[in-house]
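J.:
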Amino acid sequence: MTYVVTDNCIMCKYTDCVEVCPVDCFYEGENTLVIHPDECIDCGVCEPECPADAIRPDTEPDMENWVEFNRKYAELWPVITRKKDPMPGYQEMDGQSGKLEKYFSEAPGEGD
1 MTYVVTDNCI MCKYTDCVEV CPVDCFYEGE NTLVIHPDEC IDCGVCEPEC PADAIRPDTE
61 PDMENWVEFN RKYAELWPVI TRKKDPMPGY QEMDGQSGKL EKYFSEAPGE GD
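In the UniProt record's numbering, the protein residues as written are 1 to 112.
Pasting the structure below:
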């Protein structure tokens, strides 16, 4: 099992999760985070830390695409290990549907 970030993180990018990760497996894109599924040790401490409820275990239904999405961008983006402010307008974006199609950016974030 591994944990992955889903589309509710897009345009919110809370980083509470990265601060508690014991293996630094979070990677930062311009407007979202991902977890490297091959580095995640399945401890689950990140899941309850996410205010947007965007972190899910890969054992839930229909998570295969999210595992591959997280793997792809974790190999392209820089690691992030410290908490930063969420994105401007995050409160309005939290919970919106269709964020992957509407807002996702492949551009890397700043990382640490």
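Every residue gets a Cβ at the ideal spot worked out from N, C-alpha and C, and that includes glycine.
#1: With a CB to CB cut of under 6 Å and the five nearest residues on each side skipped, what residues in its chain are close to Pro86?
#2: Pull up the CB-CB distance for Glu28 and Trp77, whole angstroms please, since I reckon it's below 8 Å.
#3: What does a CB cutoff of less than 6 Å around Ile41 pick up in its chain, not counting 5 residues either side in sequence?
#4: Rounded to whole angstroms, what is the Cα-Cα separation between Thr81 and Gly109?
#5: Going by DSSP, what residue range makes up the alpha helix (DSSP H) through Val20?
T.: Once the coordinates are examined:
#1: Translated into positions along the sequence shown, residue 86 becomes position 86. Hits under 6 Å: Cys12, Lys13 and Tyr14.
#2: Taking the sequence shown and counting its residues from 1, the one referred to as residue 28 is at position 28. Taking the sequence shown and counting its residues from 1, the one referred to as residue 77 is at position 77. Confirmed, Cβ separation roughly 6 Å.
#3: Counted from its first residue, the sequence shown places residue 41 at position 41. These residues qualify, in order along the chain: Val23.
#4: On the sequence shown, position 81 is the one that residue 81 refers to. On the sequence shown, position 109 is the one that residue 109 refers to. Near 13 Å, if we compare the C-alpha coordinates of Gly109 and Thr81.
#5: Taking the sequence shown and counting its residues from 1, the one referred to as residue 20 is at position 20. Residues Asp16 to Val20.
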